[in-house]
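The next block holds one structure in the form of structure tokens; read it before the comments.
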């Protein structure tokens with residue numbers, strides 16, 4: 603898991619890293635509680651914006667910060683990886699999800715399967 607976070611972080615420019623952390627920084631400054639709902643909203647925005655690497659980084663930040671991850675968290679990250687044709691990352695996320703005993707759904711498995719279909 604930490605190797606995936608390091609790799610994703612290394613692939614981001616300084617501007618991209620600043621943009622990634624902007625929603626979190628705004629939440630901190632406005633004293634919004636950084637909880638699962640806030641992180642999931644930002645991860646979903648990353649998924650919809652085609653930013654699989656940021657979605658992945660945010661999920662790692664959640665885990666490092668002891669913010670609970672849930673089915674929605676992993677489904678959004680796996681879907682983001684699928685959209686980015688990152689099938690290996692999608693499967694790694696699925697493995698992390700299972701090891702953390704987060705409930706998998708049909709959406710989870712369909713996104714992982716779709717990621718594999720798009721893989722090279």
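Residue numbers (the working numbering): 603 to 722. Don't be surprised by glycine CBs; every beta carbon is placed ideally from N, CA and C. Please read these numbers as outputs of a predicted model, since none were measured by experiment.
Query, Result
"For residue 661 and residue 667, the rounded distance between their alpha carbons", "10 Å"
"Helix, strand or coil at residue 636 according to DSSP, with G and I counted as helix", "coil"
"Closer than 8 Å to chain D by CB, residue 653", "Chain labels in this structure do not include chain D; a single protein chain is all it has."
"Buried/exposed call for residue 690, threshold 16 Cβ in 10 Å", "exposed"
"Neighbourhood of residue 645 by C-beta distance below 7 Å, restricted to the same chain and skipping five residues each side", "657, 660, 661, 675, 678 and 679"
"Residue closest to residue 671, alpha-carbon to alpha-carbon, out of 636, 687, 720 and 711", "636"
"Cβ-based burial, residue 719 [other Cβ within 10 Å; buried from 16]", "exposed"
"Pairwise C-alpha distance: residue 643 and residue 700", "22 Å"
"Unbroken alpha helix (DSSP H) run spanning residue 669, endpoints", "Note, residue 669: premise wrong, no alpha helix (DSSP H); not H, not E."
"Rounded straight-line distance, which links the Cα of residue 697 to that of residue 705", "12 Å"
"Alpha-carbon to alpha-carbon, residue 683 and residue 651", "12 Å"
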